[in-house]
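These protein sequence lines map, in sequence, to chains U and C.
Using this note's numbering, the first residue of the first sequence is number 8, and each one after it goes up by one.
Using this note's numbering, the first residue of the second sequence is number 4, and each one after it goes up by one.
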Amino acid sequence: MAAGVAAWLPFARAAAIGWMPVANCPMPLAPADKNKRQDELIILNVSGRRFQTWRTTLERYPDTLLGSTEKEFFFNEDTKEYFFDRDPEVFRCVLNFYRTGKLHYPRYECISAYDDELAFYGILPEIIGDCCYEEYKDRKRENAERLMDDNDSENNQESLPSLSFRQTMWRAFENPHTSTLALVFYYVTGFFIAVSVITNVVETVPCGTVPGNKELPCGERYAVAFFCLDTACVMIFTVEYLLRLFAAPSRYRFIRSVMSIIDVVAIMPYYIGLVMTNNEDVSGAFVTLRVFRVFRIFKFSRHSQGLRILGYTLKSCASELGFLLFSLTMAIIIFATVMFYAEKGSSASKFTSIPASFWYTIVTMTTLGYGDMVPKTIAGKIFGSICSLSGVLVIALPVPVIVSNFSRIYHQNQRADKRRAQKKARLARIRVAKTGSSNAYLHSKRNGLLNEALELTGSPEDEHLTKTTSLIESQHHHLLHCLEKTTNHEFIDEQMFEQNCMESSMQNYPSTRSPSLSSHPGLTTSCCSRRSKKTTHLPNSNLPATRLRSMQELSTIHIQGSEQPSLTTSRSSLNLKADDVLRPNCKGSQITTAIISIPTPPALTPEGESRPPPSSPGSTTNIPPIGSNIVKVSAL
Amino acid sequence: MRGQARKESLSDSRDLDGSYDQLTGNPPRPTKKALKQRFLKLLPCCGPQALPSVSENSVEDEFELSTVCHRPEGLEQLQEQTKFTRKELQVLYRGFKNECPSGIVNEENFKQIYSQFFPQGDSSTYATFLFNAFDTNHDGSVSFEDFVAGLSVILRGTIDDRLNWAFNLYDLNKDGFITKEEMLDIMKSIYDMMGKYTYPALREEAPREHVESFFQKMDRNKDGVVTIEEFIESCQKDENIMRSMQLFDNVI
């Protein structure tokens with residue numbers, strides 16, 4: 008029952024009076040209206056814009072947000088209104104749906120924004136009215152294509168190591184930009200197609216005479232050369248076809264595809280020619296077969312997207328083309344008949360029969376006008392002029408349809424290409440945003456720790472280092488910090504990480520420290536992790552394993568009571584804590600990892616280099632008091 | 004404060020089969036003037052000059068293009084005429100106007116609205132009878148006054164008023180007698196609303212049998228027709244009918 012007619016229910020119930028006198032049995036009891044409250048106006052405040060409606064209007068659709076008790080969650084006691092922090096423009100459409108029972112989709116609205124709003128209010132988009140449904144579906148389909156495009160290209164970018172050789176080959180064939188080899192193959196085949204086509208053309212050019220006073224085409228004069236060229240081309244094409252056949256995921260489908268048929272047709276004449284040489288009876292047919300060699304030019308469509316689009320357009324405009332052909336045929340027959348009978352009277356007329364007039368009609372309708380057949384009688388001339396006028400019209404009508412189809416498909420392709428090109432920029436944007444936030448964390452961590460250290464050391468002059476962060480940021484950072492504590496690893500940024508890798512591999516020392524022994528009370532892990540210097544963090548790479556192994560080979564000496572196995576638990580293989588910046592709040596002065604003996608701590612460590620100046624005074628001030636506790640051991 | 008009822012001169016569908024002149028938007032006038040005008044259109048020289056002769060007709064015609072719009076009498080008058088309170092009238096009018104923005108209901112609209120409540124069966128015949136009962140002045144349309152007057156009787160009237168109204172509904176030709184044929188039509192229309200899928204399955208003779216039993220009960224003097232007095236008398240004697248009439252007290 009539509010929402011609008013719910014208001015007529017009392018009428019329908021009143022109309023039941025007509026049944027009462029004729030009824031033989033007693034009527035059932037009517038449902039009691041328990042909370043018969045008066046209809047009230049409720050105020051819906053959507054981002055400041057106030058909408059008002061009757062409560063019963065909203066209750067027409069009880070399975071949506073506004074129609075059910077779910078809206079009570081949004082009730083604001085102070086202002087006695089329902090507040091929604093959403094888009095007021097789309098809310099207008101939503102509320103109109105309750106009022107009229109029809110949901111409309113405004114054209115200026117973005118489809119995803121609209122979908123989000125509908126989902127929020129619990130309304131299914133399928134009930135969009137017929138007036139707007141088509142537009143909605145079109146936009147939704149475009150959006151879905153865009154998303155699919157993105158996903159596809161994403162999948163393509165990923166290097167799936169599980170692709171078999173066959174699959175890699177197929178990918179190389181279909182998309183020549185995947186590897187250099189594919190690109191080379193692409194250009195080589197393109198070159199040979201061009202060579203083959205040019206050969207076919209040049210073969211027929213007359214070049215010079217032979218003493219038998221006959222002009223010979225080049226093909227016969229240099230028969231051997233041309234034969235060799237042809238053979239080479241056909242070899243390449245055959246190899247290519249066989250490779251594609253091998254690599255195709257579905258061979259049956261590949262054989263049936265248009266491109267493969269073109270390939271076969273292009274190379275067949277050669278093989279048939281090989282088989283049937285010097286057989287006079289079929290040599291005529293053989294010559295005809297050579298015509299098919301021209302199909303090699305269609306192989307270019309793999310190399311040119313425009314050609315593919317053209318082919319696709321023609322396929323999709325098949326009905327318009329059919330109509331064009333049909334109407335042309337009709338007109339040709341009509342006019343040919345008329346011209347024939349009009350010209351019947353004149354002597355020596357070329358219009359010998361109706362089929363003979365077809366040629367005149369076609370030439371006239373397409374405004375070619377060769378002039379080999381012209382009407383001579385007055386009636387013939389009149390009808391001839393009408394014929395040429397109508398020809399222009401008949402041809403001009405279906406052409407714009409085909410053109411617009413082509414344009415649409417072409418632009419779609421352009422858009423897809425543009426999206427792909429912009430994808431890199433988009434991904435870079437996303438990456439920058441991500442690194443921005445993680446950098447913020449690391450930076451704040453540094454500064455935060457530094458601040459704590461400074462507080463403890465009591466140096467007031469570095470307070471300007473404090474960077475004010477919002478509450479949300481600080482809470483977020485605290486969360487990340489808790490994660491660090493849980494896993495006993497730390498976040499660092501990429502550059503640090505790579506530098507550490509490089510340095511460690513160069514020096515071949517395991518220059519690590521294991522901060523993993525936080526369980527040990529006296530250890531300085533807690534403060535180690537709170538160093539102002541960044542520590543390296545190895546998420547998923549294989550590096551730690553090898554480095555750990557190498558580390559274990561070169562035994563590291565742990566000082567003061569830490570165990571060897573701690574190495575495995577630590578991701579510390581790249582903890583270049585050559586510079587032992589220990590906080591004064593480190594109660595214990597035990598160090599548990601081997602440290603590269605570096606004469607001047609701040610200078611050689613990569614952290615030290617990248618260390619912003621503010622922290623170095625902090626670090627240097629810390630070293631002297633603890634220096635005596637640090638044992639630097641070379642792990643060689 | 005009577006509403007102005009302007010006649011609708013154009014139907015809603017303007018088909019393009021030449022039945023209306025696309026140049027001026029007028030309905031077709033098979034007059035010499037129009038033919039001449041069309042012929043003149045083809046000639047490039049006689050452009051705008053040919054049109055002024057037709058323009059005065061087009062201006063008048065435009066006034067006829069608007070649809071009918073009916074406004075009810077004031078709220079106070081309706082309050083006097085019916086037994087509804089002001090608030091009830093407001094609610095009723097809002098619902099009425101929502102479905103019929105032009106202010107009146109015609110038979111088609113009426114049938115369509117009523118059919119929304121009975122999705123399974125065919126309620127169009129019964130809706131027609133209802134329409135005729137509501138349309139007290141028989142002008143082919145039910146205005147808000149008619150609508151509310153009928154509802155007032157059914158929902159707020161005395162039992163006798165209601166029975167009167169029901170008799171009026173059954174008496175299709177409004178001659179004061181209910182004949183067996185009239186009753187059969189009504190009965191068939193009621194059974195039509197049930198649709199095909201019923202339990203037990205509807206038989207052909209069911210309406211006729213029902214009519215027979217009705218006449219058995221109502222027709223005192225067995226003359227084949229039921230008059231208003233017989234009807235009211237018989238209904239007042241029947242417990243079930245009297246009880247069911249009280250159902251309408253709480254509809255609004």
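Here a beta-carbon is modelled for each residue, glycine too, at the ideal position from N, C-alpha and C.
Values in this document were obtained by computation on a predicted structure and should not be read as measured data.
Spatial neighbours of Ser-118 (chain C) in its own chain (CB-CB distance under 6 Å, excluding positions within 5 residues in sequence) are listed in chain order as Ser-126. Residue state for Thr-374 (chain U) is assigned as coil, using DSSP reduced to three classes. Taking the CA atoms as reference points, Arg-303 (chain U) sits about 43 Å from Glu-141 (chain U). Around the CB of Phe-42 (chain C), fewer than 16 other CB atoms lie within 10 Å, so the residue is classed as exposed. Secondary structure of Val-228 (chain C) (DSSP, three-state): strand.
Nearest C-alpha to Leu-154 (chain U) among U:Ile-341, U:Gly-291, U:Lys-383 and U:Arg-422: U:Arg-422. The beta-carbon of Asp-46 (chain U) is placed less than 8 Å from the nearest beta-carbon of chain C. In this model, Glu-247 (chain U) and His-484 (chain U) are separated by some 58 Å (Cα to Cα).
Neighbourhood of Phe-18 (chain U) in chain C, by CB distance below 7 Å: Leu-154, in chain order. No residue range can be given for Ser-171 (chain U), since it is assigned to no alpha helix (DSSP H) and is classified by DSSP as neither H nor E. Per the coordinates, the alpha-carbon of Val-399 (chain U) lies some 15 Å from the alpha-carbon of Tyr-367 (chain U). Secondary structure at Ile-269 (chain U): helix, using DSSP grouped into helix, strand and coil.
Per DSSP, the beta-bridge partners of Thr-182 (chain C) are C:Val-228. Annotation: Asp-92 (chain U) to Ile-49 (chain U) spans about 17 Å, alpha carbon to alpha carbon. Note: Thr-185 (chain U) is not bridge-paired with any residue in the DSSP secondary-structure output.
With a threshold of 8 Å between beta carbons, Ile-24 (chain U) makes contact with chain C. Inter-segment contact for the stretch 347–355 of chain U and the stretch 300–316 of chain U is absent: fewer than three beta-carbon pairs are separated by less than 8 Å. Taking C-alpha positions only, Ser-267 (chain U) is separated from Phe-261 (chain U) by approximately 7 Å. As the crow flies, the alpha-carbon of Leu-81 (chain C) is around 9 Å from that of Ala-152 (chain C). Along the stretch 83–105 of chain C, the positions whose C-beta sits under 8 Å from a C-beta of chain U are Lys-90, Val-94, Leu-95, Arg-97, Gly-98, Phe-99, Asn-101 and Glu-102, read in chain order. In the displayed model, Gln-123 (chain C) falls within coil according to three-state DSSP, outside both helix and strand. In the pairwise beta carbon analysis, the stretch 234–251 of chain C is classified as touching the stretch 21–31 of chain U: at least three pairs are separated by under 8 Å. Collapsing the DSSP output to three states places Arg-56 (chain U) in a strand.
Taken atom to atom, the span from the alpha-carbon of Ala-232 (chain U) to that of Leu-281 (chain U) is near 16 Å. Within the same chain, Cβ atoms closer than 6 Å to the Cβ of Leu-166 (chain C) are found at Ile-235 and Cys-238, the five residues on either side in sequence being excluded. Between the alpha carbons of Gly-291 (chain U) and Tyr-277 (chain U) lies a distance of about 15 Å.
Closer than 8 Å to the CB of Asn-31 (chain U) there is at least one CB belonging to chain C. Taking a Cβ-Cβ threshold of 7 Å, the residues of chain U close to Ile-255 (chain C) are Pro-17, in chain order. Runs of the alpha helix (DSSP H) lying entirely within the stretch 198–230 of chain U, each at least 4 residues long, are 225–228 in chain order. Residues of chain U with a Cβ closer than 8 Å to the Cβ of Ile-244 (chain C) are, in chain order, Met-27, Pro-28 and Ala-30. Ile-235 (chain C) is bridged by DSSP to nothing; it lacks a bridge partner. Per the coordinates, the alpha-carbon of Ile-255 (chain C) lies some 12 Å from the alpha-carbon of Pro-38 (chain U). Contact of Met-346 (chain U) with chain C is not assigned, every C-beta pair being separated by 8 Å or more.
In terms of Cβ geometry, Val-228 (chain C) and Phe-180 (chain C) form a close pair [threshold 8 Å]. Under the 8 Å criterion on CB atoms, Ala-37 (chain U) is classed as interfacial with respect to chain C.
By the Cβ-count criterion, Leu-404 (chain U) is exposed, with fewer than 16 other Cβ atoms from all chains shown falling within 10 Å of its own Cβ.
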